[in-house]
Amino acid sequence: MQDRAIIHLNVTDFAVAVERIQDSSLKRVPLIVAPARAARALVYDMSEEAYRDGVRKGMRLNLARKYCRQAQVVHPQPALYRRAMTALVKRVVHYTPLVEQGEEDGHLFLDVTGTHRLFGPAPDIAWRLRKQLLNDLGLDPVWSLASNKLVSKVASRIVRPFGEYIVGSGEEHSFLAPLPLAMLPGLKPEEMKILADFNLQRIGQLAKLSRQQLHVPFQKRSTYLYDASRGRDRTAVLPGRTGNARIVREHVFEEDTGTYSEIQSVLTMLVHETGRDLRNKKMLGRRIGVSLTYSDGKNIIRQATRKNGCDNDFLLRTLAFTALGRAWQRRVRIRRCILICDRLVPRPQQQTLFVMQTRREQQQEKIICAMDTVCNRFGNGTIYLG
Amino acid sequence: MTRDEQQTLHVQGNELCPVLIGTSGYSYTEWVDSGFYPQGTRTPDMLPLYACSFPIVELNYTWYQMVRAEAISRMIARAPESFRFAAKLTRTLTHERERDWRQELKLYREGIKPLQKQLAAILIQLPPGFNWSRNNRYYLAHLLDSLHGFPLAVEFRHVSWARDSVFAELVQRKVTLVTVDAPPVPGLFPCLDIVTNPELFFVRFHGRNMQGWQSGNMQKKFDYCYSEEELKEWNQRYLQSLRSRSRRGIVFFNNHVRAQAPGNAKTLQKLLQQ
C-alpha cells in the first residue's frame, strides 16, 4: 500500500491574520479580537504579541486588557473570516480534491497522495501553496507534511506561528515519542489528569503501554490512545465541505446568552433560511448539525439525522432542536450558534401516484409555500415560524 | 582567474580523481512506478535500497525545511556508514530571507551536526534573482564566514557572478563552485569547468528541458533524459578536466521525473568505469 501524503496548512491566529489584511495599520499593534460592546466580553482570538503577554482565547476582555495594555481590540467578523476561508480553499483545491477544512479557523488538511506526476513531490506542493497563499491573500500558513492527519497536526503545533515540518513516513513513532502529552490531539482534560496521576508526561511513555494496560483506566478510549501515541491515524481526509454540499447559517449573539428559548428562536430563524435555500436548490438535507460556541471559546457540535432527507421547515426544526439538546451540555453562556445542513441529496422529481402525506403534512407544506411567497416578495426575515 | 592560477590547481597531473555519482533526492513515489524501486516499496525502505545502487545522495528536503538533528539521526541510521550525503542549505537562508538569517544559520549548524562524519558538502544554491550586487556579495561573504569549517559548494543561477574576482575569492576561501548542466536560458549562470577548491568538485545535472525550465512546475522543469552520447560528450568536455584538477568529485542528477535521474546516473557510472 502506498504511503499517504497529508499536508496540514494552519494560518495561525486566523481571525487576527484576516483583520490585519483588511486593515494593515493593525499589523503594528498587538491585537485582540473580542466583542467589545458586550458587557462581559471574552477574547475570540489574539495576536502572537498579545499571546506572549498572557492573553488567551476565552479570557475575559477586561482581564486581557490588563495583561496587554497596548493591545487594540476589534469586533469579530465571522462572515469576513468565512469569506477568507473560502478564498483559501479555492486556491488549495487546484492541487487536490481531497481538502478538509475546519470552521473558519484557518486549518486545512490536504491529501496529495498520488498527485506527484502532476505537481511533483509533496514537500514542493506544500511550499508552493504557502508561497501562493502569501502572494495572493497575504496569509502566511504554517505547513507540515506527514503520512496522516494526526501527525501532521502535531508537526504544525511544534513549529507555529511560522515554519514548516516534514515527518517522514515510518518516523511517526520516533517523532512523537519525546513530545509532551499535551501535544497529542484529542486528549480530554480528565484523561490528561489520569495520565498525570500515572506520572506519564511524554507521548513515548504512553506508547510503551499495551492495549490491555490502557484498557483498565480508559475503557473504550484505550484504542484511540494506543494508536495515537504511536502516530497511527487511519481517518481519511474528508472532502465535501468546500463546495455546495452543505448549507451553513450562523448567528452571533450580541451578548452571550444562557436562555434556551432565545437559542431556539434563533435556530428557528436559521432553519427557515436553510429550508428556503434547500427548496431553491431542489435538494433535501439528511443531517442537521448544531454547533454551539460557549463563552469560554469551547465549541461543541452535535447532529441529528433523517434517513430520507427533508426540506420542510417543521421537520428541519425538529432535527435542529434534537441536535441542540445534544449540544447543550454545559452551564455556560452561548456566544455563537451555527446550523449546518449537510448530506444533501437531490429532491426526487418523480411524483408519487397517490398522496402519501398526512393531512397535517399537507397543511405544513401549504404554510411553508405561503411563507416562501412572502419572503420572495418582501425579503428574507419578514416571516418565521412561531 | 588566469590560466596560470588554474594550472596551480592541478593536483595530480593527468591522473583522474574518484567521483561519487548520485541523485538529488531519493524519496520519490514515482520511482516505484518507474521501476527503480521494487513494487510496493514504502518510503522508509527507500534509502537502504538507494544505497545499494549509489554511494551518495543530495538531500533535497533540507531546502524545504530547517534541518533537525533528530530527523537527520534517524535518516543516517538507515544508511551504511560509508554512504555520503550532500545537504542543501535551507531556503530561508537563500531564497526566502524573511526571517533573521543569523538565527536560521545557527539552527542549521545545530541541525546538521549529526551528519558531519558523512557530509560530503553543503550546497548553497542561490536563486536566479540573486545577482552580483553589493548587498548580495556582503550577504554571501557573511554566509560563507558563518559556515566556515563545513565543506561548502556554491551554485549561482545568475550570470553576473561569472567573473574572475568571484572565482578568485572562492579559491581563497576553498569553496567549491558548482558546475551546472542546465538548458541554455539567457541570464543563467553558464556551465564552467572551473575548479575553485581542488579538494572537491561538484556537478549538478538539471536536464535540458528548455520549455519546462520556466514553467514553475517541477515535473516539467526536471523532465529530461540525457542520452548516452550527451553524457559521453559532457564527460570528455568537462568531467575529465574537472577530475584531472581535483582530489575527488561528486556528481548529482536532478532530473528526477520518471526516475530518469537514477537511470542517467547509472549510465554515467558505467561510462566512467570503461
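Taken in order, these protein sequences are the chains called A and B.
Heads up: the first sequence is residues 1 to 386, going by our numbering.
Heads up: the second sequence is residues 1001 to 1274, going by our numbering.
For glycine and all other residues, C-beta sits at the position ideal for the given N, C-alpha and C.
For clarity, every value in this text was computed on a predicted model and none was experimentally measured.
Neighbour flag for residue i against chain A, beta carbons, 8 Å
i: residue 1214 of chain B; result: no
i: residue 1218 of chain B; result: yes
i: residue 1190 of chain B; result: no
i: residue 1064 of chain B; result: yes
i: residue 1074 of chain B; result: yes
i: residue 1007 of chain B; result: Unreliable positioning characterises residue 1007 of chain B in this predicted model, as indicated by a pLDDT of 36, which lies under 50. A coordinate reading is not provided.
Pair within 8 Å by beta-carbon distance, residue i and residue j
i: residue 6 of chain A; j: residue 147 of chain A; result: yes
i: residue 319 of chain A; j: residue 267 of chain A; result: no
i: residue 227 of chain A; j: residue 289 of chain A; result: no
i: residue 110 of chain A; j: residue 29 of chain A; result: no
i: residue 1118 of chain B; j: residue 1083 of chain B; result: yes
i: residue 1067 of chain B; j: residue 1026 of chain B; result: no
i: residue 21 of chain A; j: residue 102 of chain A; result: no
i: residue 142 of chain A; j: residue 10 of chain A; result: yes
i: residue 326 of chain A; j: residue 306 of chain A; result: no
i: residue 344 of chain A; j: residue 246 of chain A; result: yes
i: residue 1128 of chain B; j: residue 1157 of chain B; result: yes
i: residue 1062 of chain B; j: residue 1079 of chain B; result: no
i: residue 1155 of chain B; j: residue 1194 of chain B; result: no
i: residue 129 of chain A; j: residue 154 of chain A; result: no
i: residue 347 of chain A; j: residue 282 of chain A; result: yes
i: residue 204 of chain A; j: residue 177 of chain A; result: yes
Min CB distance residue i to chain B below 8 Å
i: residue 117 of chain A; result: yes
i: residue 127 of chain A; result: yes
i: residue 97 of chain A; result: no
i: residue 121 of chain A; result: yes
i: residue 174 of chain A; result: yes
i: residue 15 of chain A; result: no
i: residue 242 of chain A; result: With a pLDDT of 40 at residue 242 of chain A, under the threshold of 50, the predicted position of this residue should be treated as unreliable, and no value is reported.
Contacts of residue i in chain B (Cβ-Cβ under 9 Å)
i: residue 164 of chain A; result: 1064, 1065 and 1066
Under 7 Å by beta carbon: chain A residues contacting residue i
i: residue 1043 of chain B; result: 3, 168, 169 and 170
i: residue 1061 of chain B; result: 123 and 166
Any non-hydrogen atom of the ligand NAD within 7 Å of residue i CB
i: residue 1274 of chain B; result: The ligand NAD is absent from the structure shown, which contains no ligand whatsoever.
Short-range partners of chain A found in the stretch 1022-1036 of chain B, where Cβ spacing is below 7 Å: Cβ contacts with chain A: 1028, 1029 and 1030.
At 4 residues or longer, and completely inside the stretch 69-103 of chain A: list those alpha helix (DSSP H) runs for me, N to C. Counting only runs of 4 or more, we get 78-92.
Every unbroken alpha helix (DSSP H) within the stretch 4-64 of chain A, with a cutoff of 4 residues, ordered by chain: Runs of the alpha helix (DSSP H) lying entirely within the stretch 4-64 of chain A and spanning at least 4 residues, in chain order: 14-22 and 48-52.
Ordered list of alpha helix (DSSP H) runs contained in the stretch 1123-1206 of chain B, each at least 4 residues: Note on the stretch 1123-1206 of chain B: whole alpha helix (DSSP H) runs with a minimum of 4 residues are 1134-1146 and 1164-1173, in chain order.
Jot down the residue ranges of each uninterrupted alpha helix (DSSP H) in the stretch 115-202 of chain A, minimum 4 residues, whole runs only, in chain order. Here the runs fully enclosed are 116-119, 122-137, 149-159, 172-176 and 189-197.
Please give me, in chain order, every unbroken run of the beta strand (DSSP E) with length at least 3 that falls completely inside the stretch 264-295 of chain A. Counting only runs of 3 or more residues that sit fully inside the stretch 264-295 of chain A, the beta strand (DSSP E) segments are 283-294, in chain order.
Whole runs of the beta strand (DSSP E) within the stretch 1086-1118 of chain B, excluding any shorter than 3 residues: Counting whole runs of 3 or more residues, the stretch 1086-1118 of chain B contains no beta strand (DSSP E) stretch at all.
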